[in-house]
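Structure first, commentary second.
There are 2 protein chains.
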Amino acid sequence: MESKQKSRRDIIKLGAGLTLGSAAVACQKMPSFSINSKLDTIEILHARRSVRKFKPTPVPEEHLTRILGAARMAPTAGNQQPWKFLVIRDKNKINELKAACIKNSMDWYKENQNPTEEQVKERHSGVTEYYNGRFSAPVFVVVLTDNESQNAGYNHHDGPLAAGYLLIAARSFGYGTVYYTDSIPDAVTKQVLNIPDRYTRVCITPIGVPEQWPETPDKKPLEEIVAYGVIS
Amino acid sequence: MESKQKSRRDIIKLGAGLTLGSAAVACQKMPSFSINSKLDTIEILHARRSVRKFKPTPVPEEHLTRILGAARMAPTAGNQQPWKFLVIRDKNKINELKAACIKNSMDWYKENQNPTEEQVKERHSGVTEYYNGRFSAPVFVVVLTDNESQNAGYNHHDGPLAAGYLLIAARSFGYGTVYYTDSIPDAVTKQVLNIPDRYTRVCITPIGVPEQWPETPDKKPLEEIVAYGVIS
Chain U
2 MESKQKSRRD IIKLGAGLTL GSAAVACQKM PSFSINSKLD TIEILHARRS
52 VRKFKPTPVP EEHLTRILGA ARMAPTAGNQ QPWKFLVIRD KNKINELKAA
102 CIKNSMDWYK ENQNPTEEQV KERHSGVTEY YNGRFSAPVF VVVLTDNESQ
152 NAGYNHHDGP LAAGYLLIAA RSFGYGTVYY TDSIPDAVTK QVLNIPDRYT
202 RVCITPIGVP EQWPETPDKK PLEEIVAYGV IS
Chain L
2 MESKQKSRRD IIKLGAGLTL GSAAVACQKM PSFSINSKLD TIEILHARRS
52 VRKFKPTPVP EEHLTRILGA ARMAPTAGNQ QPWKFLVIRD KNKINELKAA
102 CIKNSMDWYK ENQNPTEEQV KERHSGVTEY YNGRFSAPVF VVVLTDNESQ
152 NAGYNHHDGP LAAGYLLIAA RSFGYGTVYY TDSIPDAVTK QVLNIPDRYT
202 RVCITPIGVP EQWPETPDKK PLEEIVAYGV IS
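Chains as they are written, first to last, in the numbering used here: chain U, 2 to 233; chain L, 2 to 233.
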């Protein structure tokens with residue numbers, strides 16, 4: 002591949018030397034450039050990881066605004082934009098959500114596993130450690146779709162698409178995220194955060210500086226997931 | 002915002018001067034750099050448009066490989082990677098899909114609208130023009146999920162996430178795409194392309210150089226879709 006012979010510096014020069022052309026026209030309404038983009042888009046897509054433990058470093062409002070501003074550019078059926086992004090920064094609220102997750106998990110365990118007192122104690126310690134990591138980020142965003150949106154039958158596409166955009170945008174600012182579904186249960190989220198029934202939760206994600214970036218999980222070779230012309 | 006005072010050249014210099022740090026570690030398994038990245042990731046997310054008419058310019062296999070290689074890095078439940086990307090480059094097959102879409106649309110019209118012969122003729126002309134545009138790209142990718150995947154209950158998340166990644170990756174190479182669902186009906190796609198029942202179609206997208214980049218559709222202001230702490 003041509004690009005393999007080019008250094009990072011050459012690539013950047015190449016980028017700088019080219020005119021933006023029609024893309025610039027399409028970008029008229031965009032905000033200003035990202036300030037932390039050390040990686041190009043293909044690299045960002047590869048570098049996003051599911052991060053489950055964070056440093057307490059704050060996420061400036063400016064970054065969050067630009068991340069959500071990009072998330073809302075996801076494909077959406079007939080431009081309906083059925084999304085709501087519920088931002089949780091209040092540490093008390095985050096801890097309340099954590100406590101409810103721990104309780105939910107322990108209740109399930111006690112009801113279903115008939116454990117001894119000792120087992121309950123051990124389990125509680127493990128579950129608490131698990132959720133201490135998961136709730137260590139300074140910000141959480143609940144991605145929701147509105148069941149009363151214009152083309153609500155397409156919300157099951159639009160929801161994950163915007164969530165994916167959000168994770169990618171956050172990664173481009175150097176933040177880790179993770180697309181939580183059952184680890185932070187839907188019902189618990191809705192109850193603690195008083196989310197009205199008209200909204201469907203797509204996922205909940207933390208945004209923060211990772212304690213460390215996890216390694217890339219093994220991925221299937223392309224030959225295994227790409228079919229040319231015919232699929233069997 | 003700090004970045005507003007910086008020119009594009011400054012931003013590129015800034016990018017070049019910084020070390021990759023932990024992100025580089027996370028990127029070890031990545032392919033080489035993208036050769037067409039004139040825009041950073043936030044810009045790419047804003048610049049992706051739904052494109053429905055294309056130039057005949059070919060899409061090199063190298064680009065397609067890198068686009069699909071990035072698509073497969075989407076979040077996926079328990080790293081199950083339930084995706085299949087069915088690539089259609091054969092012009093005859095693309096035309097067969099087009100003809101089937103036209104027939105499907107005309108059949109529906111005749112069965113449901115009780116039209117005159119003149120109306121049928123006019124409709125056929127309109128529908129043909131519509132699909133001539135939609136099938137003008139040199140490549141189509143059908144994004145599928147495998148109903149027999151490891152965590153198939155999460156495929157409704159994983160499917161749109163990978164499709165979104167694909168569209169973003171394609172945009173970073175300067176290609177237009179569009180997340181088609183009902184414009185190119187599921188049943189028609191599956192029949193013409195002989196897609197086995199074990200796969201669920203997420204969407205089908207063309208990949209190609211746009212005839213022109215559409216303008217950005219009006220987007221809701223962030224205040225309307227972001228809620229802080231409380232949602233009503």
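Glycine residues also receive a C-beta, built at the ideal position from the N, C-alpha and C atoms.
Bear in mind that the values here come from a model prediction, so they are computed numbers and not experimental data.
Exercise for the section: Could you check if aspartate 159 of chain U is buried or exposed, using at least 16 other CB atoms within 10 Å of its CB as the buried criterion? Expected result: Your numbering for residue 159 of chain U matches position 158 in the first sequence. With 16 or more other Cβ atoms within 10 Å, it is buried.
Problem - Contacts around arginine 53 of chain L, its chain only, beta-carbon distance under 7 Å, and the 5 residues preceding and following it disregarded - result: By 1-based counting over the second sequence, the position of residue 53 of chain L is 52. Gly134, Arg135, Val179.
Problem - With 16 other Cβ atoms within 10 Å as the buried cut-off, status of alanine 188 of chain U - result: Stepping through the first sequence from its first residue, residue 188 of chain U is reached at position 187. With fewer than 16 other Cβ atoms within 10 Å, it is exposed.
Handout entry: Test: glutamine 151 of chain U CB closer than 8 Å to a CB of chain L
Key = As a working note, residue 151 of chain U is residue 150 in the first sequence. For glutamine 151 of chain U, the answer is no, since every Cβ of chain L falls outside 8 Å of its Cβ.
Exercise for the section: Starting from the Cα of valine 140 of chain U, find the closest Cα among U:Val88, U:His47, U:Ile196, U:Asp219 and give me that residue. Expected result: For this step, residue 140 of chain U is matched to residue 139 along the first sequence. Out of U:Val88, U:His47, U:Ile196, U:Asp219, U:Val88 has the C-alpha closest to the C-alpha of valine 140 of chain U.
Exercise for the section: Identify whether threonine 182 of chain L lies in helix, strand or coil by the three-state DSSP scheme. Expected result: The residue given as residue 182 of chain L occupies position 181 in the second sequence. Residue state, collapsed to three classes: coil.
Exercise for the section: Could you have a look at glycine 154 of chain L and say whether DSSP puts it in helix, strand or coil? Expected result: Taking the second sequence and counting its residues from 1, one reaches residue 154 of chain L at position 153. Three-state DSSP puts glycine 154 of chain L in a helix.
Practice task
Determine, using beta carbons only, whether arginine 67 of chain L comes closer than 8 Å to chain U.
Solution key: As a working note, residue 67 of chain L is residue 66 in the second sequence. Chain U, which has a Cβ nearer than 8 Å to the Cβ of arginine 67 of chain L, makes this yes.
Exercise for the section: Return no unless some Cβ of chain U is closer than 8 Å to the Cβ of glutamine 82 of chain L. Expected result: Taking the second sequence and counting its residues from 1, the one referred to as residue 82 of chain L is at position 81. Among the residues facing chain U, glutamine 82 of chain L is included, as its CB has a counterpart in that chain under 8 Å away.
Practice task
Grab me the residues of asparagine 195 of chain U's own chain with a C-beta within less than 8 Å of its C-beta, minus the 5 sequence neighbours each way, in chain order.
Solution key: By 1-based counting over the first sequence, the position of residue 195 of chain U is 194. Hits under 8 Å: none found.
Handout entry: Cα-Cα separation between glutamate 63 of chain U and phenylalanine 174 of chain U, rounded to whole angstroms
Key = The residue labelled residue 63 of chain U in the question sits at position 62 within the first sequence. The residue labelled residue 174 of chain U in the question sits at position 173 within the first sequence. Cα to Cα, the separation comes out at about 11 Å.
Exercise for the section: Might you give, ordered along the chain, the residues of its own chain that have their beta carbon closer than 7 Å to the beta carbon of tyrosine 166 of chain L, omitting 5 neighbours on each side? Expected result: Start at 1 with the first residue of the second sequence, and residue 166 of chain L comes out as number 165. Same-chain partners within the cutoff: Ala71, Ala72, Met74, Ala75.
Practice task
Answer yes or no: do isoleucine 185 of chain U and valine 142 of chain U have a C-beta to C-beta separation smaller than 8 Å?
Solution key: In the first sequence, counting from the first residue as 1, residue 185 of chain U sits at position 184. In the first sequence, counting from the first residue as 1, residue 142 of chain U sits at position 141. Going by C-beta atoms, isoleucine 185 of chain U is not nearer than 8 Å to valine 142 of chain U.
Problem - Cα-Cα separation, isoleucine 205 of chain L to leucine 98 of chain L - result: Counting from 1 along the second sequence, the entry for residue 205 of chain L is found at position 204. Counting from 1 along the second sequence, the entry for residue 98 of chain L is found at position 97. Whole-angstrom Cα-Cα distance: 12 Å.
Exercise for the section: State the CB to CB distance for the pair phenylalanine 86 of chain L and valine 144 of chain L, rounded to an integer number of angstroms; the pair is presumed to be in contact (CB under 8 Å). Expected result: Here residue 86 of chain L corresponds to residue number 85 of the second sequence, with the count starting at 1. Here residue 144 of chain L corresponds to residue number 143 of the second sequence, with the count starting at 1. The pair is a contact, with the Cβ atoms about 6 Å apart (cut-off 8 Å).
Handout entry: Close-in-space but distant-in-sequence residues of the same chain around arginine 124 of chain U (CB under 6 Å, 5 per side omitted)
Key = Residue mapping note: residue 124 of chain U aligns to position 123 of the first sequence, counting from 1. Correct list, in chain order: Tyr110.
Exercise for the section: Taking the CB atoms as reference points, tell me whether leucine 168 of chain L and arginine 90 of chain L lie closer together than 8 Å. Expected result: In the second sequence, residue 168 of chain L corresponds to position 167, counting from 1. In the second sequence, residue 90 of chain L corresponds to position 89, counting from 1. Not a contact, by the Cβ cut-off of 8 Å.
Practice task
Keeping to the same chain, check which residues put their C-beta closer than 8 Å to that of glutamine 192 of chain L; ignore five residues upstream and five downstream.
Solution key: Reading the second sequence from its first residue, position 191 is the one you call residue 192 of chain L. Here the set comprises Ala101.
Exercise for the section: Any chance you could list the beta strand (DSSP E) runs of at least 3 consecutive residues sitting entirely within the segment 102-161 of chain U, in chain order? Expected result: 140-147
Practice task
Please decide whether valine 140 of chain U counts as near chain L, where near means a Cβ-Cβ distance under 8 Å.
Solution key: Sequence index remark: in the first sequence, residue 140 of chain U carries index 139 (1-based). Not closer than 8 Å to any Cβ of chain L, the Cβ of valine 140 of chain U fails to qualify, so no.
Exercise for the section: Locate the alpha helix (DSSP H) running through arginine 67 of chain L, then write down its first and last residues. Expected result: As a working mapping, residue 67 of chain L is identified with position 66 in the second sequence. Its alpha helix (DSSP H) spans residues 62-72.
Practice task
Classify asparagine 156 of chain U as buried or exposed, calling it buried when 16 or more other Cβ atoms lie within 10 Å of its own Cβ.
Solution key: By one-based count along the first sequence, residue 156 of chain U stands at place 155. Buried: at least 16 other Cβ atoms inside 10 Å.
Problem - Environment of serine 106 of chain U [buried if 16+ CB atoms lie within 10 Å] - result: Here the question's residue 106 of chain U lines up with position 105 in the first sequence. With 16 or more other Cβ atoms within 10 Å, it is buried.
Exercise for the section: Pick helix, strand or coil for serine 233 of chain L, following the three-state DSSP scheme. Expected result: Residue mapping note: residue 233 of chain L aligns to position 232 of the second sequence, counting from 1. Reduced to three states, the DSSP call for serine 233 of chain L is coil.
Problem - Helix, strand or coil at isoleucine 196 of chain L according to DSSP, with G and I counted as helix - result: Sequence index remark: in the second sequence, residue 196 of chain L carries index 195 (1-based). Three-state result, isoleucine 196 of chain L: coil.
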